[in-house]
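Under our numbering, the letters of the sequence shown match residues 12 to 608, in that order. The C-beta atom is built at its ideal place from N, Cα and C for all residues, glycine as well. Okay, so here's the structure we're looking at.
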Amino acid sequence: MTINGTDLQIAFCGSAGDGTIAVGDILKQAMAMAGYRVIAFDQYPAEIRGFGKCVSRTRVTGEQVYSMKQQTDILVSLDDSHAIPHASEVRDFGAVIYDNAPMSLMMEGEHISGHLQPGQIPYALPIREISERATGSNRGRNMVALGFVAGLYGLQQDVFHTIIARKFKTKPAAVTKDNTAAFDAGFDLGAGEFLFDEVSIGAPPAKAKHEARMLSGNSAVVEGCLDAGIEAYFGYPITPATTIMERLVTEMPKRGKRALQTEDEISAIAATIGAGYAGVRSATATSGPGLALMAEMLGLSVMAEVPSVIFVSQRGGPSTGMPTKTEQSDLNLAVFGGSGDAQRIVLAPTNVEGCWRCAGKAFEMAERYQTPVIVLLDLYLSNRYETVIVSPDERFEASSSKAMVPAKSGEKYQRFAKTDDGISPRAIPGQAGGIHTVTGLEHNDLGRPSDQANIHMDMSEKRHNKLSKAVDHPGITITKRFGDEGDVEVGILAWGSTFGESLEAMMLARDEGIKCAAMKVVMMSPLPEQPISEFMDSANEVLLPELNYEGQFAGIVSGTLGRPVNRLNMVPGTPMRVDDILNEIRRLAGREAKDAA
Numbered sequence: 012m013t014i015n016g017t018d019l020q021i022a023f024c025g026s027a028g029d030g031t032i033a034v035g036d037i038l039k040q041a042m043a044m045a046g047y048r049v050i051a052f053d054q055y056p057a058e059i060r061g062f063g064k065c066v067s068r069t070r071v072t073g074e075q076v077y078s079m080k081q082q083t084d085i086l087v088s089l090d091d092s093h094a095i096p097h098a099s100e101v102r103d104f105g106a107v108i109y110d111n112a113p114m115s116l117m118m119e120g121e122h123i124s125g126h127l128q129p130g131q132i133p134y135a136l137p138i139r140e141i142s143e144r145a146t147g148s149n150r151g152r153n154m155v156a157l158g159f160v161a162g163l164y165g166l167q168q169d170v171f172h173t174i175i176a177r178k179f180k181t182k183p184a185a186v187t188k189d190n191t192a193a194f195d196a197g198f199d200l201g202a203g204e205f206l207f208d209e210v211s212i213g214a215p216p217a218k219a220k221h222e223a224r225m226l227s228g229n230s231a232v233v234e235g236c237l238d239a240g241i242e243a244y245f246g247y248p249i250t251p252a253t254t255i256m257e258r259l260v261t262e263m264p265k266r267g268k269r270a271l272q273t274e275d276e277i278s279a280i281a282a283t284i285g286a287g288y289a290g291v292r293s294a295t296a297t298s299g300p301g302l303a304l305m306a307e308m309l310g311l312s313v314m315a316e317v318p319s320v321i322f323v324s325q326r327g328g329p330s331t332g333m334p335t336k337t338e339q340s341d342l343n344l345a346v347f348g349g350s351g352d353a354q355r356i357v358l359a360p361t362n363v364e365g366c367w368r369c370a371g372k373a374f375e376m377a378e379r380y381q382t383p384v385i386v387l388l389d390l391y392l393s394n395r396y397e398t399v400i401v402s403p404d405e406r407f408e409a410s411s412s413k414a415m416v417p418a419k420s421g422e423k424y425q426r427f428a429k430t431d432d433g434i435s436p437r438a439i440p441g442q443a444g445g446i447h448t449v450t451g452l453e454h455n456d457l458g459r460p461s462d463q464a465n466i467h468m469d470m471s472e473k474r475h476n477k478l479s480k481a482v483d484h485p486g487i488t489i490t491k492r493f494g495d496e497g498d499v500e501v502g503i504l505a506w507g508s509t510f511g512e513s514l515e516a517m518m519l520a521r522d523e524g525i526k527c528a529a530m531k532v533v534m535m536s537p538l539p540e541q542p543i544s545e546f547m548d549s550a551n552e553v554l555l556p557e558l559n560y561e562g563q564f565a566g567i568v569s570g571t572l573g574r575p576v577n578r579l580n581m582v583p584g585t586p587m588r589v590d591d592i593l594n595e596i597r598r599l600a601g602r603e604a605k606d607a608a
C-alpha cells in the first residue's frame, strides 16, 4: 500500500510513566515543523504513574483532515499488556514495533507477538537493551522506539533533534543529551532496517501563506483570550480545563494582566462577573461539575446584564464521572442551567482553529450583548492537537460595548433602558452621570428592584430579544454546510468535536454514491433556526450524532423546530467512530451497512 498523498497514523501505547505521551508530543511537533498537517490525540488514565494505559495517536497528512483514523498504520508497544487490545486496530500490511527482549519472563499470550493478525508486519527489536547501551538506563525506551520509527520511514533527523532540545530545555543538559542519544540509536537501527511495508511518506505540502502552529484546543483558547485582550482570569483546577488556567497564569503576567486561582468554582465565576461589571475583560474555565456549581451565578450575570466568559471542557459524567474521558453531555447544563428563563450565548467549536476564534469572539459577544457566553469544548477537543493556520491580519474588537450616553440635565441614567435592539447603554463604575443600581432581583429601567408583572414581562422580553442578533454576529461561522447541494438522501447535523468524524463519514458516503451533506452548528444558543430548518428541508433523513446518552442537541432541535431527527447516541468515553456514523448513513439511505474494520 502506497500512501502517495501522505496519510499516516502512528500510535504509541504504554503504561503511565513510560513516556508515551512525551514521545507522541515530540512526533507531532516534529512533523508539524517539517511542514505536514497533523492531528493528534492522547488518551491517559486518571492516575499519574504506574497504573493505567496511555495511548498517543498522531495522524500525519499532506492536506487538512478532520478526525483521527480508525485504523493505525504503525503501532509501537511500550507495554504489551496495554498494546495487545490495540493490535487489531493495525491495518493490513501495517507495522507493529515491540521489544523482543522484555525485562521479565512473560507467560504465553502476554507478549504482543502472539496477537498479531495475518498481514501485519512485525518489527521486533531489543528496545530496552538499546536504551541501556546508549544512555546507561532503560528509561530511554520510548525515545529508542521513536527514533526507530523516524529512521525506518526516512523522517528528518535534524528536525527531531530540534524538538527534543526544545522539549527538555528547562532540564539539565544531561537529560537532552541522553534523550537525543537514545533517539539516535533507534534512528540508526531503523534507517538500516529493510522496510517491508510499502508505505511512503511523501514530501510535505507547499508552505502555507501564513505560519502553521501546532496547538491543542485548550492552547488555542488561551491564544484567543490573549489576542482578544483578556485582562483578568479567575479559575479553579479541574480536568480537562486545567491547562487553560496553567498557561494563562504563565502568559498574562508577561502582559501586565492578572490571573488568580480561587478557592473554588463559585468564587471563580463570582470574581469573573465582578470584573466584568467593572469593565474588565475577564473569563473563567471549568468542566461539568464546576459549571453545575456556577449555575446560580450565571443567573446573576444574565439578570444584571454583565458580560462574562466561561470556557467549559466536557468530560464523562454525571458527578465526578470519568475525568479523563470525553463526552458531550453538558449541553443541557450549558444552555439551560440555572433558575428561571436565563438564556445565554453558547458556542461549541468543532476544531482547534475554531477554539481560537470562539474564544476571541466570546469576549466581543459578552460585551455587545451584555450576557454570559459559554464556549463549550470537550476533552477530545481540549487535548487534540492540530496544525492551525491563522492570518495575522485577523483581529478581535478591543471593545464591543454600547457606550453610555450622558443623561440630559434633570434626567436619571437608565442602565436597563428598553431600546430597539434590546441592548442598553452600559456604564462602567466611575463614569460621570452613570450612577445606577445593580441587583440579581428583577428591576426597572433604573435597576431598582420591582416585582410588578408588567416590568417582569418587559425585562424578560428585553433580555431574550437582544440575543436574537447574536446569530448574525460578524466574523464567526454560526452554521456551515458541506457536501452535496440541493436535495440529499441524508443530512448530518453535528456539533462540537463530533463534527470532524461526521464530515469524514459524509465524504466516504458520497464516494459510495450516496447523496449526502453535513452541517456544523457552532452556536447552540440561541439556536440558528433558519439555516438549520433549511438544511433539514433539503434532506430525506436527518442524522444527529453526539456523544451523550440522551441525545441532548437532538432534543433541542426537535423541541425548538418541531422536527424529528434520527439520533445516534454513544457514551464510550472516546471519540465517535467514523464507521459508526457511516453505517447509520447507509441505513438511512437504504444501503447495506458494513462491518467496522
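Item: Looking at the secondary structure, which residues open and close the alpha helix (DSSP H) in which residue 666 lies?; Value: Any answer about residue 666 is impossible in this case: the structure gives the chain only from 12 up to 608.
Item: Give the list of continuous beta strand (DSSP E) stretches no shorter than 3 residues that lie fully inside the stretch 367-394.; Value: 383-389
Item: From residue 10 to residue 370, what distance separates their C-alpha atoms?; Value: Since the displayed the chain opens at 12 and closes at 608, residue 10 lies outside it and no answer follows.
Item: Within the continuous alpha helix (DSSP H) that includes residue 474, where are the two ends?; Value: 464-476
Item: Cα separation between residue 396 and residue 448?; Value: 46 angstroms
Item: Look at the alpha carbon of residue 226 and the alpha carbon of residue 293, and state the distance between them as a whole number of angstroms.; Value: 22 angstroms
Item: Can you give me the C-alpha to C-alpha distance between residue 1 and residue 141, rounded to a whole angstrom?; Value: Any question about residue 1 goes unanswered here, given that the chain covers just 12 to 608.
Item: Between the C-alpha atoms of residue 67 and residue 455, what's the straight-line distance to the nearest angstrom?; Value: 56 angstroms
Item: State the start and end residues of the unbroken beta strand (DSSP E) segment that holds residue 453.; Value: Neither: residue 453 is in no beta strand (DSSP E) and is coded neither H nor E.
Item: In the DSSP assignment, what are the bridge partners of residue 167?; Value: Answer is none; residue 167 lacks a bridge partner.
Item: Judging by CA-CA distance, which residue of 289, 257, 460 and 312 is the nearest neighbour of residue 277?; Value: 312
Item: Is the stretch 336-345 touching the stretch 236-249 in the sense that three or more CB pairs, one from each, lie closer than 8 angstroms?; Value: no
Item: Along the chain, where does the alpha helix (DSSP H) that runs through residue 491 open and close?; Value: Looking at the DSSP string, residue 491 is not in any alpha helix (DSSP H); the run it does join, the beta strand (DSSP E), is 490-494.
Item: Kindly indicate which residue of 401, 492, 185 and 244 has the alpha-carbon position closest to the one of residue 148.; Value: 185
Item: Given that a residue counts as buried once 16 or more other Cβ atoms are within 10 Å of its Cβ, and exposed if not, what is residue 13?; Value: At residue 13 the pLDDT is 35, less than 50, meaning the model places this residue with poor confidence; the figure from the coordinates comes in the next sentence. Burial call: exposed.
Item: On a Cα-Cα basis, can you pick out the residue from 588, 398, 364 and 360 that is closest to residue 36?; Value: 398
Item: Could you give the DSSP three-state label for residue 581: helix, strand or coil?; Value: coil
Item: Taking the alpha carbon of residue 331 as the point to measure from, which residue in 302, 308 and 93 has its own alpha carbon closest?; Value: 302
Item: Please state whether DSSP places residue 190 in a helix, a strand or coil.; Value: helix
Item: Does the beta-carbon distance from residue 344 to residue 386 come in below 8 angstroms?; Value: no
Item: According to DSSP, is residue 175 part of a helix, a strand, or is it coil?; Value: helix
Item: Going straight from the alpha carbon of residue 23 to that of residue 55, what length do you get?; Value: 12 angstroms
Item: Tell me whether residue 151 sits in a helix, a strand or coil according to DSSP, three-state version.; Value: helix
Item: Leaving out five residues before and five after residue 524 in sequence, what residues of the same chain have Cβ atoms less than 8 angstroms from its Cβ?; Value: none
Item: Report the rounded CA-to-CA distance for residue 159 versus residue 181, giving the unit in angstroms.; Value: 26 angstroms
Item: Out of 593, 72, 352 and 424, point me to the one whose CA is closest to residue 216's CA.; Value: 72
Item: Could you say which of 131, 505, 224 and 392 lies nearest to residue 254 if we only look at CA atoms?; Value: 392
Item: If you count every other CB in all the chains shown that lies within 10 Å of the CB of residue 560, and 16 or more means buried, which is it?; Value: exposed
Item: Report buried or exposed for residue 537, applying the criterion of at least 16 other Cβ atoms within 10 angstroms of its Cβ.; Value: buried
Item: Taking all protein chains shown into account, do 16 or more other C-beta atoms lie within 10 angstroms of the C-beta of residue 593, making it buried, or fewer, making it exposed?; Value: buried
Item: Between 171, 75, 379 and 413, which lies nearest to residue 511 when the distance is taken from Cα to Cα?; Value: 75
Item: For residue 176, collect the residues of the same chain with a Cβ closer than 6 angstroms to its Cβ; drop the 5 residues on either side in sequence, then sort them by chain order.; Value: 187
Item: Taking the straight line between their C-alpha atoms, what separation do you get for residue 112 and residue 405?; Value: 54 angstroms
Item: Looking at the structure shown, is residue 407 part of a helix, part of a strand, or coil, going by DSSP?; Value: coil
Item: Going by Cα to Cα distance, which pick from 284, 237, 520 and 421 is closest to residue 263?; Value: 237
Item: If we count the other Cβ atoms within 10 Å of its Cβ and call it buried at 16 or more, is residue 15 buried or exposed?; Value: Confidence at residue 15 is low in this model, with a pLDDT of 38, below 50, so the placement of that residue should be treated as unreliable; the coordinate-derived value is given next. When all chains shown are included, residue 15 counts as exposed.
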